[in-house]
Amino acid sequence: MVTPLQLARVYATIGSYGVYRPLSITKVDPPVPGERIFPESIVRTVVHMMESVALPGGGGVKAAIKGYRIAIKTGTAKKVGPDGRYINKYIAYTAGVAPASNPRFALVVVINDPQAGKYYGGAVSAPVFGAIMGGVLRTMNIEPDALTTGEKSEFVINQGEGTGGRS
Numbered sequence: 010m011v012t013p014l015q016l017a018r019v020y021a022t023i024g025s026y027g028v029y030r031p032l033s034i035t036k037v038d039p040p041v042p043g044e045r046i047f048p049e050s051i052v053r054t055v056v057h058m059m060e061s062v063a064l065p066g067g068g069g070v071k072a073a074i075k076g077y078r079i080a081i082k083t084g085t086a087k088k089v090g091p092d093g094r095y096i097n098k099y100i101a102y103t104a105g106v107a108p109a110s111n112p113r114f115a116l117v118v119v120i121n122d123p124q125a126g127k128y129y130g131g132a133v134s135a136p137v138f139g140a141i142m143g144g145v146l147r148t149m150n151i152e153p154d155a156l157t158t159g160e161k162s163e164f165v166i167n168q169g170e171g172t173g174g175r176s
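Residue 10 is where the sequence shown starts when you use our numbering, and the numbers rise one by one after that.
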């Protein structure tokens, strides 16, 4: 079984276009250069394919964040009971990176045993992913990368604690 932290590390490597860096909770100065473990051209293709998941018609469209391109994968797993047989309980997840044009953040959302009749990742964990990642992108003042033609950017550089972002 893969833990959410292990999955997040994989997506961070995808977001670095194939460069693996050791996990760090705090900022490392100077940054760790990392080690290339996947060819960049292949990972860029994977990121491009993952973008389609959050576009209209994709299974993770509920993760979409206005003004930003995101690259995600949703998933659903049926749980196994104590006797080794499948039971009617599920795990839903959404994992990905943003902004897709120049990934800065990786996130994994896992919902264990979702309720209310919905259990697919695209229906349960994707909206949570979008809410969390959208908040991160705005809080960290990441320039929107998916403005539609003629749409005015409301992006403001953070001038202090608790200000800035996209309104």
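Heads up, the beta-carbon is just placed ideally off N, CA and C, and yes, glycines get one too. Predicted model, so just to flag it, every value in this text is computed and none were measured.
If residue 119 sits next to residue 31, beta carbons under 8 Å apart, how far is it from one beta carbon to the other, in whole angstroms?
The pair is not a contact, with the Cβ atoms about 23 Å apart (cut-off 8 Å).
In the structure shown, what three-state DSSP assignment does residue 75 receive?
coil
Helix or strand or just coil, what does DSSP make of residue 146?
helix
Segment limits, beta strand (DSSP E) that includes residue 84
80-89
Taking residue 141 and residue 121 to be in contact with their CB atoms under 8 Å, please state how far apart those CB atoms are, rounded to whole angstroms.
The pair is not a contact, with the Cβ atoms about 17 Å apart (cut-off 8 Å).
My assumption, with CB atoms under 8 Å, is that residue 105 sits in contact with residue 116. Please give the rounded CB distance.
7 Å
Grouping DSSP H, G and I as helix and E and B as strand, with all else coil, what is residue 118?
strand
Quick one: what's got a C-beta closer than 7 Å to residue 86's C-beta in the same chain, skipping five residues either side?
For residue 86, where only same-chain residues beyond five positions count, the Cβ hits under 7 Å are 99 and 100.
Taking the C-alpha atoms as reference points, what is the distance between residue 147 and residue 74?
10 Å
Can you name, in chain order, every residue of its own chain whose Cβ lies under 6 Å from the Cβ of residue 170, other than the five neighbours on each side?
Residue placement at residue 170 cannot be trusted, given a pLDDT of 40 that sits under 50; what the coordinates show is reported in the next sentence. Counting only Cβ-Cβ distances below 6 Å, and skipping sequence neighbours, we find nothing.
Could you give the distance in angstroms between the alpha-carbon of residue 37 and the alpha-carbon of residue 132?
The alpha-carbon atoms of residue 37 and residue 132 are separated by roughly 36 Å.
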